[in-house]
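2 protein chains.
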Amino acid sequence: MTESSLDVVGIGNAIVDIIARCDEPFLSNQGMEKGFMQLINAGQADRIYDAMGPATEQSGGSVANTCAGIASLGGKSAFIGRVAGDQFGKVFAHDIRSIGVGFDTAPSDRGLPTARCLVLVTPDGERTMNTFLGASTEFAEDDIDEALIGSAQVTYLEGYLFDKDPAKAAFHASAKAARANGRKVALSLSDAFCVDRHRDDFLALVRDGVDILFANETEITSLYQLNSFEEAASAVRAEAEVAVLTRSEEGSVILSGNETVEVPADPVGQVVDATGAGDLYAAGFLYGLTRGRDLETCGRLGSLAAAEIISHIGARPEASLETLARGRGLLD
Amino acid sequence: MTESSLDVVGIGNAIVDIIARCDEPFLSNQGMEKGFMQLINAGQADRIYDAMGPATEQSGGSVANTCAGIASLGGKSAFIGRVAGDQFGKVFAHDIRSIGVGFDTAPSDRGLPTARCLVLVTPDGERTMNTFLGASTEFAEDDIDEALIGSAQVTYLEGYLFDKDPAKAAFHASAKAARANGRKVALSLSDAFCVDRHRDDFLALVRDGVDILFANETEITSLYQLNSFEEAASAVRAEAEVAVLTRSEEGSVILSGNETVEVPADPVGQVVDATGAGDLYAAGFLYGLTRGRDLETCGRLGSLAAAEIISHIGARPEASLETLARGRGLLD
Chain A
1 MTESSLDVVG IGNAIVDIIA RCDEPFLSNQ GMEKGFMQLI NAGQADRIYD AMGPATEQSG
61 GSVANTCAGI ASLGGKSAFI GRVAGDQFGK VFAHDIRSIG VGFDTAPSDR GLPTARCLVL
121 VTPDGERTMN TFLGASTEFA EDDIDEALIG SAQVTYLEGY LFDKDPAKAA FHASAKAARA
181 NGRKVALSLS DAFCVDRHRD DFLALVRDGV DILFANETEI TSLYQLNSFE EAASAVRAEA
241 EVAVLTRSEE GSVILSGNET VEVPADPVGQ VVDATGAGDL YAAGFLYGLT RGRDLETCGR
301 LGSLAAAEII SHIGARPEAS LETLARGRGL LD
Chain B
1001 MTESSLDVVG IGNAIVDIIA RCDEPFLSNQ GMEKGFMQLI NAGQADRIYD AMGPATEQSG
1061 GSVANTCAGI ASLGGKSAFI GRVAGDQFGK VFAHDIRSIG VGFDTAPSDR GLPTARCLVL
1121 VTPDGERTMN TFLGASTEFA EDDIDEALIG SAQVTYLEGY LFDKDPAKAA FHASAKAARA
1181 NGRKVALSLS DAFCVDRHRD DFLALVRDGV DILFANETEI TSLYQLNSFE EAASAVRAEA
1241 EVAVLTRSEE GSVILSGNET VEVPADPVGQ VVDATGAGDL YAAGFLYGLT RGRDLETCGR
1301 LGSLAAAEII SHIGARPEAS LETLARGRGL LD
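Heads up: the protein sequence lines correspond to chains A and B, in order. Read in order, the letters of the first sequence are residues 1 to 332 in the working numbering. Read in order, the letters of the second sequence are residues 1001 to 1332 in the working numbering.
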């Protein structure tokens, strides 16, 4: 195993978020499940967009947000994901590179436009997402850069990518390349409905190729089809080297062997937009891990990054997370 | 003169703003004049964008922002401006229509993309703008909808559009159509450098076709090439039926015949982003005018709308201006 030049390489959907505020009835009128992500086709994307209010565009993508968070913490990260050669593709590439994340996946020259996610934010700050995958559906094993994966301490995989078979194959190849170089593999379950659609594949990946698993309460209970958080926690403890379970305002629980670490959420004045809370928690946690911190400090870094992101619109950090973390004594 | 079905029709550049924060040295390193707008070509746009930090995209355009403000106040407005058939063109059309502004200019099917403005916001909230006009350069007399203009109480023209000759011709035709229907014509000088580039044309339009002129301090002194605000105010008083002069945190001065009305700025906790302050002031003022309010109330509505816009990132209202204005007793 050679010296690692990167802290984290992330693999996920390359998405531009189109964010608008809405009231609760809008979600039910549109048949959306509050707080979840649904996949939509081009026609649905147009219809929902027409019905939405004025919006703001900002680069997103779950694991891409995590990579941006790691850069904001002062770490070295790179992202692998597919965009088209259109305006949104340029926006995505600009935003992730300009925060210091390496991004060299060649834009697709085929027909589908860059992926976009129509994000509806209700007055309570909760986000409901509608994703048109576009160019991301073309993501496949060819896009994987094995040398890049081999050079990173952690390869972080986005569960959402499991919605397409070629991407699923790319995930297994990535996990294999990471392990062949003695690196760690992390996975986010992303969304309870996504877990429900691909439960067996997720379980196989958790059992065979994942060292660090991130999930929230609904995702982990969906994975094991168990009714309580406690039962699901017991199940995952037996299978993952490290399981990181996030519980919104109740903080997070980290399980590793016989160890259980509970970490409180950071207080925030007002939750403006919950988009990216889990993504940024993962950024803090993984960055702590690559710096050799104990699990509790990793969790505290996660809570700090999540609190910054939910205090404003959008899922990319506006303040320097490195400065915030130093101020709290969580980084030297 | 038939009953008017619209309060205001605005004619201007249809632009998507790409907004990023920067420090003061960034502006000088890039050779930008703080607080002003410069026109850039495609190559410059790419170079500046590459140098900028992570950004947020939001629909903009000076007079388009005003039209959005009028809709937010509860008024009826429409916008005329040219976009391309690309992703930013769709974003622009969506945002302005979804706030309730009529927008029916057909997208251009030629080569140039939708106009974009690279907006750099310094820590003091000041904005410095770099505009690639793109599809807006194709705006011409053909795009003018004379029936629409004839149906609006006020036709509001954006000075920035004067940077291209075909648009200038379209302006004169619009002013003529408005007057032929007994309507009012309003003009924003937009920017002191823009005034400097087209001084004679602006003066001719102010003398012959404009009823209400909007300008800030640097713009009005640039127009008359006078050193002091007071001298410039005297000069414009003799030429415009109503001149509305804005002075940032010092509020505004409204001149009409022998009348002089001074209106204070509304206090704001912190200026987050000054983008759109003048545009939204104009929205409040013009909406008051179409409702038959006196000049002072018009100015107070302007101050209220400007204060809302500078308290957040972006130049489109986030709160309902109608609700805010009712709460202050400025609208019934």
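From the three backbone atoms N, C-alpha and C, an ideal C-beta is built for every residue, glycine too. Predicted, not measured: the structure shown is a model, and the values here were computed from it.
Contacts of S98/A in chain B (Cβ-Cβ under 7 Å): On the first sequence, position 98 is the one that residue 98/A refers to. Those are M1052, G1053 and P1054, listed as they occur along chain B.
Per-residue DSSP class, three states only, for T1218/B: On the second sequence, position 218 is the one that residue 1218/B refers to. Looking at T1218/B - three-state DSSP - the assignment turns out to be helix.
Exposed unless 16 or more other CB atoms sit within 10 angstroms - verdict on P1054/B: Taking the second sequence and counting its residues from 1, the one referred to as residue 1054/B is at position 54. Buried is the call here.
Neighbourhood of G6/A by C-beta distance below 8 Å, restricted to the same chain and skipping five residues each side: The sequence position of residue 6/A within the first sequence is 6, counting from 1. Looking at the sequence shown, residue 6/A is not Gly but Leu. So the qualifying residues of the chain are K76, S77, A78, G102, L148, S151, A152 and Q153.
Contacting positions in the segment 85-97 of chain A - beta carbon closer than 7 Å to chain B: Those residues of the segment 85-97 of chain A that come within reach of chain B (Cβ to Cβ, closer than 7 Å) are D86, Q87, F88, V91, H94 and D95.
Residues in the segment 1056-1076 of chain B having any Cβ partner in chain D nearer than 9 Å: The question asks about chain D, but that chain is absent: this structure's protein chains are A and B.
Inter-residue Cα distance where the pair is A1346/B and G1069/B: Absent from the structure is residue 1346/B, since the part of chain B shown begins at 1001 and ends at 1332.
For C1117/B, three-class secondary structure by DSSP: As a position in the second sequence, residue 1117/B is number 117, starting the count at 1. Strand, per DSSP.
K1042/B, buried or exposed, once every other Cβ within 10 Å from all chains shown has been counted against 16: Locating residue 1042/B in the second sequence gives position 42, where the first residue counts as 1. Note that residue 1042/B is Ala in the sequence shown here, rather than Lys. A1042/B comes out exposed.
Chain-ordered neighbours of G1314/B on chain A, where CB pairs are closer than 8 Å: Numbered from its first residue, the second sequence carries residue 1314/B at position 314. Going along chain A in sequence order, the residues near G1314/B (Cβ under 8 Å) are T56.
Cβ shell of A1192/B (< 6 Å), same chain only, five flanking positions each side left out: Against the second sequence, residue 1192/B aligns to sequence position 192. The answer, listed in chain order, is T1218, E1219 and S1222.
Option in A232/A, S248/A, F229/A and V16/A with minimal Cα separation from L280/A: Start at 1 with the first residue of the first sequence, and residue 280/A comes out as number 280. Nearest C-alpha to L280/A: S248/A.
Whether L1187/B touches V1210/B by CB criterion (7 Å): Your numbering for residue 1187/B matches position 187 in the second sequence. Your numbering for residue 1210/B matches position 210 in the second sequence. It is a contact, given that the beta carbons lie within the stated cut-off.
Helix, strand or coil at N13/A according to DSSP, with G and I counted as helix: Along the first sequence, one-based indexing puts residue 13/A at 13. In the structure shown, N13/A sits in coil (DSSP, three-state: anything other than H, G, I, E or B).
Secondary structure of K1184/B, DSSP reduced to three states: Counted from its first residue, the second sequence places residue 1184/B at position 184. Strand.
Three-state secondary structure (DSSP) of G134/A: Translated into the one-based positions of the first sequence, residue 134/A becomes position 134. G134/A falls in the helix class under three-state DSSP.
Contact belief for R1116/B with V1016/B at Cβ below 8 Å, rounded distance in angstroms: Walking along the second sequence from the start, residue 1116/B turns up at place 116. Walking along the second sequence from the start, residue 1016/B turns up at place 16. Yes, R1116/B and V1016/B are in contact; Cβ-Cβ is about 5 Å, under 8 Å.
Chain-ordered chain B contacts of Y49/A [CB-CB under 7 Å]: The count along the first sequence starts at 1 and reaches residue 49/A at position 49. Correct list: H1094.
Status (buried if at least 16 other CB within 10 Å, exposed otherwise) for E308/A: On the first sequence, position 308 is the one that residue 308/A refers to. Counting Cβ neighbours within 10 Å, E308/A comes out buried, since at least 16 surround it.
Under the three-state DSSP convention, the category F229/A falls into: Within the first sequence, the letter at position 229 stands for residue 229/A. Helix.
Where S108/A sits in the DSSP three-state scheme: Within the first sequence, residue 108/A is the residue found at index 108, counting from 1. S108/A falls in the strand class under three-state DSSP.
Simplified DSSP state of F139/A, which is helix, strand or coil: In the first sequence, the residue the question calls residue 139/A occupies position 139. In the structure shown, F139/A sits in coil (DSSP, three-state: anything other than H, G, I, E or B).
Residues bridged to I281/A (per DSSP): Locating residue 281/A in the first sequence gives position 281, counting from the first residue. Before going on, a small fix: residue 281/A reads as Tyr here, not Ile. DSSP, once it has assigned bridges, lists no residue as partnering Y281/A.
The segment 1084-1092 of chain B / the segment 313-327 of chain A touching (three or more Cβ pairs under 8 Å): no
Nearest residue (CA-CA) to G60/A, options T297/A, L213/A, H198/A and A315/A: Counted from its first residue, the first sequence places residue 60/A at position 60. In this structure, A315/A is the residue among T297/A, L213/A, H198/A and A315/A with its C-alpha nearest to the C-alpha of G60/A.
Three-state class that DSSP yields for R209/A in the structure shown: Within the first sequence, residue 209/A is the residue found at index 209, counting from 1. Note that residue 209/A corresponds to Gly in the displayed sequence, not to Arg. Helix at G209/A.
Same chain, Cβ closer than 6 Å to P166/A, neighbours up to 5 away in sequence not counted: Within the first sequence, numbered from 1, the residue matching residue 166/A stands at position 166. Result list for P166/A: A140, in chain order.
Reference P107/A; option with closest CA among A93/A, R97/A, G100/A and P267/A: The residue labelled residue 107/A in the question sits at position 107 within the first sequence. The residue with the shortest Cα to Cα distance from P107/A is A93/A.
Status (buried if at least 16 other CB within 10 Å, exposed otherwise) for P123/A: Numbered from 1 along the first sequence, position 123 holds the residue referred to as residue 123/A. It is exposed - the Cβ of P123/A has fewer than 16 other Cβ atoms within 10 Å.
Contact under 7 Å by Cβ, L304/A with G288/A: Counted from its first residue, the first sequence places residue 304/A at position 304. Counted from its first residue, the first sequence places residue 288/A at position 288. No; because the gap between Cβ atoms is not below 7 Å, this pair is not in contact.
Pair within 7 Å by beta-carbon distance, T1056/B and T275/A: Mapped onto the second sequence, residue 1056/B falls at position 56. Mapped onto the first sequence, residue 275/A falls at position 275. In this structure, T275/A does not lie closer than 7 Å to T1056/B by Cβ.
Whole-angstrom C-beta distance between R237/A and S121/A, which should lie under 8 Å: As a working mapping, residue 121/A is identified with position 121 in the first sequence. As a working mapping, residue 237/A is identified with position 237 in the first sequence. For clarity, residue 121/A is Val in the given sequence; the question names Ser instead. The Cβ separation is near 34 Å, so there is no contact.
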